[in-house]
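Below is one structure, written out as structure tokens, with a few remarks after it.
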Amino acid sequence: MPELIAPTADLHAAWLQAHREWGPGPHEDGFGLEPTDEVESPAGFAAWLARMAAESFPAVGPDEAARTVCVYRWIVEGGQVLGGIALRQGHDDHILQFGHIGYGIRPSSRRRGLAGWALGRMLGEAWKLGMERVLLVCERDNLASARTIERIGGVFEGIRETEDGPVRRYWFRLPPPVPPPPAALPDAALPPAALPDAGGRTPRRDPV
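Using our numbering, you'd call the opening residue of the sequence shown number 275 and step up by one each time.
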């Protein structure tokens with residue numbers, strides 16, 4: 275049974291196996307991997323994980339005002355890393371180009387429904403964070419990804435050019451957060467007719 279977990283050094287070897295299966299190239303969406311990240315050594319891998327963890331916290335101070343807050347999760351099963359997914363918060367230019375959620379499934383784990391499964395759970399995380407609308411994009415010719423997004427309810431907006439080429443744009447409108455249940459009122463706040471008498475009975479209200 276797959277699960278979404280926070281990135282962990284315990285799966286360094288498993289992550290490298292997935293990374294090598296993808297091969298070279300900027301196509302591992304959802305992992306937050308930059309060309310300058312060195313992930314082969316334990317120290318480099320730990321530094322990459324620390325950067326991703328730091329990105330999940332809200333920006334603090336003027337020096338971080340432009341930083342995008344992003345939550346990363348790995349799709350794992352049986353000790354294997356099957357893919358990654360990331361939820362970006364905000365509405366900056368990067369997000370308006372590439373969406374709030376990015377994801378990738380390793381080649382040997384595709385056609386299992388993992389992308390739709392992970393997207394559904396990450397939309398749940400977006401709802402918990404109070405996000406009202408979530409944008410997803412995929413390459414114009416990536417019809418498999420387009421079908422996945424449409425299958426879980428994405429509403430097609432159109433095709434737009436980006437710095438990486440044309441993309442399909444889909445929006446999800448999330449329901450409003452459920453308000454917490456009202457706190458129980460102390461006895462002093464209840465109307466007298468609702469209070470039991472000393473014998474545990476509710477007093478009878480005399481007719482008017």
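All C-beta atoms in this analysis are idealised placements derived from N, C-alpha and C, irrespective of residue type, glycine included.
Here the structure is a predicted model, which means the values were calculated and not measured.
In angstroms, rounded to a whole number, what distance separates the CA positions of residue 296 and residue 349? Translated into the one-based positions of the sequence shown, residue 296 becomes position 22. Translated into the one-based positions of the sequence shown, residue 349 becomes position 75. The alpha-carbon atoms of residue 296 and residue 349 are separated by roughly 15 Å.
Using alpha carbons as the reference points, say which of 306, 375, 278 and 351 lies closest to residue 328. Position 54 of the sequence shown holds residue 328. Nearest option by C-alpha distance: 306.
Just mark residue 281 as buried or exposed, buried being the case when its beta carbon has 16 or more other beta carbons within 10 Å. Working through the sequence shown from its first residue, we reach residue 281 at position 7. It is buried - the Cβ of residue 281 has at least 16 other Cβ atoms within 10 Å.
Inter-residue CB distance, residue 355 and residue 285 (contact presumed, cutoff 8 Å): Position 81 of the sequence shown, counting from 1, holds the residue named residue 355. Position 11 of the sequence shown, counting from 1, holds the residue named residue 285. About 6 Å separates the two Cβ atoms, so the contact holds.
Going residue by residue through the region 289-368, where are the continuous beta strand (DSSP E) segments of at least 3 residues, counting only ones entirely within it? 343-351 and 354-363
Counterpart residues of residue 279 in DSSP-defined beta bridges: For the purposes of this step, residue 279 is identified with residue 5 of the sequence shown, where counting begins at 1. Residue 279 is bridged to 348.
Below 8 Å between beta carbons: does that hold for residue 390 and residue 426? Taking the first residue of the sequence shown as 1, we reach residue 390 at position 116. Taking the first residue of the sequence shown as 1, we reach residue 426 at position 152. In contact: residue 390 and residue 426 (Cβ atoms closer than 8 Å).
Measuring only between beta-carbons, confirm whether residue 394 sits less than 8 Å from chain B. No chain B appears in the structure shown, which is made up of a single protein chain.
Going by CA-CA distance only, name the one from 331, 287 and 291 that's closest to residue 316. In the sequence shown, counting from the first residue as 1, residue 316 sits at position 42. Measuring from the Cα of residue 316, the nearest candidate turns out to be 287.
Please work out which residues of its chain come closer than 6 Å, Cβ to Cβ, to residue 313, disregarding the five sequence neighbours upstream and downstream, and give them in chain order. Counted from its first residue, the sequence shown places residue 313 at position 39. Same-chain partners within the cutoff: 319 and 322.
For a test of the three-state rule: what should DSSP assign to residue 409, helix, strand or coil? Here residue 409 is taken as the residue at index 135 of the sequence shown, counted from 1. Residue 409 falls in the strand class under three-state DSSP.
Exposed unless 16 or more other CB atoms sit within 10 angstroms - verdict on residue 275: In the sequence shown, the residue the question calls residue 275 occupies position 1. The residue is exposed, with fewer than 16 neighbouring Cβ atoms inside 10 Å.
For the alpha helix (DSSP H) containing residue 390, name the first residue and the last one. Position 116 of the sequence shown holds residue 390. Its alpha helix (DSSP H) spans residues 388-402.
Quick check on the burial criterion: 16 or more other C-beta atoms within 10 angstroms. Buried or exposed for residue 303? Counting from one through the sequence shown, the residue named residue 303 turns up at place 29. Buried: at least 16 other Cβ atoms inside 10 Å.
Could you give the first and the last residue of the continuous alpha helix (DSSP H) run that contains residue 424? The residue labelled residue 424 in the question sits at position 150 within the sequence shown. It spans 417-425 - the alpha helix (DSSP H) in which residue 424 sits, taken as one unbroken run.
Outcome for residue 339 when other beta-carbon atoms lying within 10 angstroms are tallied against a minimum of 16: For the purposes of this step, residue 339 is identified with residue 65 of the sequence shown, where counting begins at 1. Note on residue 339: pLDDT 48, under 50, position unreliable in the model; no value is reported.
Kindly indicate the opening and closing residues of the beta strand (DSSP E) around residue 376. The count along the sequence shown starts at 1 and reaches residue 376 at position 102. From DSSP, the beta strand (DSSP E) with residue 376 extends over 375-379.
In its own chain, which residues sit with a C-beta less than 6 Å from the C-beta of residue 293, not counting the 5 before and 5 after it? Position 19 of the sequence shown, counted from the first residue, corresponds to residue 293. Here the set comprises nothing.
Can you name the start and end residues of the beta strand (DSSP E) that residue 432 belongs to? Counted from its first residue, the sequence shown places residue 432 at position 158. It spans 429-436 - the beta strand (DSSP E) in which residue 432 sits, taken as one unbroken run.
Enclosing beta strand (DSSP E) for residue 440 [first to last residue]: Within the sequence shown, the letter at position 166 stands for residue 440. From DSSP, the beta strand (DSSP E) with residue 440 extends over 439-447.
Would you say residue 388 and residue 375 are within 8 Å of each other, going by their C-beta atoms? What you label residue 388 is simply residue 114 of the sequence shown in a count that begins at 1. What you label residue 375 is simply residue 101 of the sequence shown in a count that begins at 1. No, the pair does not count as a contact, with Cβ atoms beyond the cut-off.
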